[in-house]
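S.K.: Please find one structure pasted underneath; my questions will follow.
In structure tokens form, the structure reads like this:
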């Protein structure tokens, strides 16, 4: 899979699939007191999410983003079961 690192240290893992779903939050947790001090309205911190048709991500060569594995010219296709 194509893998890139974001400015915040998070990761983007990119693939294509024949079955398109919606953007989904797969893992989340309540925000900490420190996080709410910065973003008072944010009650939940999303840890893992998907992007689908209509969703977007920021990737290299955007400043601060680094490509770690493969490239965006050849994003692999996986099956719905693999997803």
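Residue numbers (my numbering): 1271 to 1353.
Every residue, glycine too, gets a C-beta built ideally from N, C-alpha and C.
Owing to the predicted nature of the structure, the values given are computational and were not obtained by experimental measurement.
Do you know how far the Cα of residue 1339 is from the Cα of residue 1346?
M.R.: The residue you call residue 1346 lines up with position 76 of the chain shown. The residue you call residue 1339 lines up with position 69 of the chain shown. Going from the Cα of residue 1346 to the Cα of residue 1339 covers about 12 Å.
S.K.: Among residues of its own chain, excluding the 5 on either side of residue 1298, which ones have a beta-carbon nearer than 7 Å to its beta-carbon?
M.R.: Here the question's residue 1298 lines up with position 28 in the chain shown. For residue 1298, where only same-chain residues beyond five positions count, the Cβ hits under 7 Å are 1314, 1315, 1316, 1317.
S.K.: Put residue 1345 into one of helix, strand or coil per three-state DSSP.
M.R.: Taking the first residue of the chain shown as position 1, residue 1345 is located at position 75. Of the three classes helix, strand and coil, the one that applies to residue 1345 here is coil, per DSSP.
S.K.: Can you list, in chain order, the stretches of the beta strand (DSSP E) that have 3 or more residues and sit fully within the stretch 1274–1346?
M.R.: Counting only runs of 3 or more, we get 1281–1284, 1294–1300, 1314–1320, 1336–1339.
S.K.: Quick check on this structure: which residue in 1273, 1291, 1307 has the alpha carbon closest to the alpha carbon of residue 1324?
M.R.: Along the chain shown, one-based indexing puts residue 1324 at 54. Closest by alpha carbon: 1291.
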